[in-house]
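Asks: Chains as they are written, first to last, in this note's numbering: chain C, 914 to 1033; chain L, 341 to 453.
#1: Please identify the residue among L:386, L:356, L:392 and L:351 whose C-alpha is closest to the C-alpha of residue 367 of chain L.
#2: Should residue 975 of chain C be labelled buried (16 or more other beta-carbon atoms within 10 Å of its own) or exposed?
#3: Could you tell me which residues DSSP pairs with residue 402 of chain L in its beta bridges?
#4: Taking residue 930 of chain C as the reference, which of C:982, C:999, C:948 and C:985 has the closest Cα?
#5: Any C-beta of chain L sitting closer than 7 Å to the C-beta of residue 1021 of chain C?
#6: For the stretch 939 to 973 of chain C, which segments carrying the beta strand (DSSP E) assignment without a break, of at least 3 residues, lie completely within its bounds, in sequence order?
#7: Can you give me the start and stop residues for the beta strand (DSSP E) that residue 432 of chain L sits inside?
#8: Within a Cβ cutoff of 6 Å, which residues of the same chain sit near residue 923 of chain C, ignoring the five residues on either side of it in sequence?
#9: Tell me the rounded alpha-carbon separation between residue 430 of chain L and residue 401 of chain L.
#10: Along the beta strand (DSSP E) that carries residue 418 of chain L, what are the first and last residues, could you check?
#11: Run the CB neighbour count on residue 940 of chain C, radius 10 Å, all protein chains shown included, and call it buried at 16 or more, exposed below.
#12: Please name the residue in L:409, L:386 and L:447 whose C-alpha comes closest to that of residue 399 of chain L.
#13: Quick one: using the 10 Å Cβ neighbour count with 16 as the cut-off for buried, is residue 416 of chain L buried or exposed?
#14: Taking the alpha-carbon positions, what's the residue 928 of chain C to residue 938 of chain C distance?
#15: Rounded to whole angstroms, what is the Cα-Cα separation between residue 985 of chain C and residue 1005 of chain C?
#16: How about residue 361 of chain L and residue 412 of chain L: are their beta carbons less than 7 Å apart?
#17: Which same chain residues end up closer than 6 Å to residue 989 of chain C when comparing Cβ atoms and leaving out the 5 residues on each side of it in sequence?
#18: If we define contact as Cβ-Cβ less than 7 Å, is residue 977 of chain C a contact residue for chain L?
#19: Return yes when the C-beta of residue 1032 of chain C is under 6 Å from any heavy atom of the ligand SAM, and no when it is not.
#20: What's the C-alpha gap between residue 376 of chain L and residue 426 of chain L?
#21: Return helix, strand or coil for residue 1021 of chain C, following the three-state DSSP convention.
Put into structure tokens, the structure is as follows:
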């Protein structure tokens, strides 16, 4: 079965550089989530998209931006990189509308293998 | 957001059952209990979820206390491949948290051959 694809798998950047991480969700999944996992830490939610619109925002720095395209893939753009941005970045996709309003949903999130970003 | 409490770590022997506890004393009536696990160097993966009744699937069983203030993930026969960090996560039934997963401190399970 197709899984979530993330590219690149590894990325090394210098401080103050920019980076773009890409996520290709499972076919027919229209919701994408981004998470950041620092060394020895638990994953932290950054941002999510449903049908190409931002649906939720977590502790994402202003230096980061993201979007979801018409083919449902998503990109996380990171500028003015800092040493503290070194982390694993996971993308997850799910087939359902994010849990909003009165629609009961128990959507499962399917995670990609992650992109390991190292900022030197 | 409702909080969950899990032991930092647990050990198990291969082919023995494992019971991973989770306390969620402030759970609301509309919170589902989800379990995800993260194997070394991999992204998290879904294990199981439930609301009130016990649940079984091919990976595990979920036992939910009658008052819903605690739950236990049961791996019936641990294998070396089950060594991972297990996260117990509450998710609001009506989507008031927007669908995101809020990971707390999970339980690191080690399995001895």
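No residue lacks a Cβ here, since even glycine has one placed at the ideal position from N, Cα and C.
Replies: Let me lay it out:
#1: L:392
#2: exposed
#3: L:395 and L:413
#4: C:999
#5: yes
#6: 944 to 950, 957 to 963 and 966 to 970
#7: 424 to 432
#8: 1029
#9: 17 Å
#10: Where residue 418 of chain L is concerned, there is no enclosing beta strand (DSSP E), given that its DSSP letter is neither H nor E.
#11: exposed
#12: L:386
#13: exposed
#14: 29 Å
#15: 12 Å
#16: yes
#17: 934, 947 and 979
#18: no
#19: The ligand SAM is absent from the structure shown, which contains no ligand whatsoever.
#20: 6 Å
#21: coil
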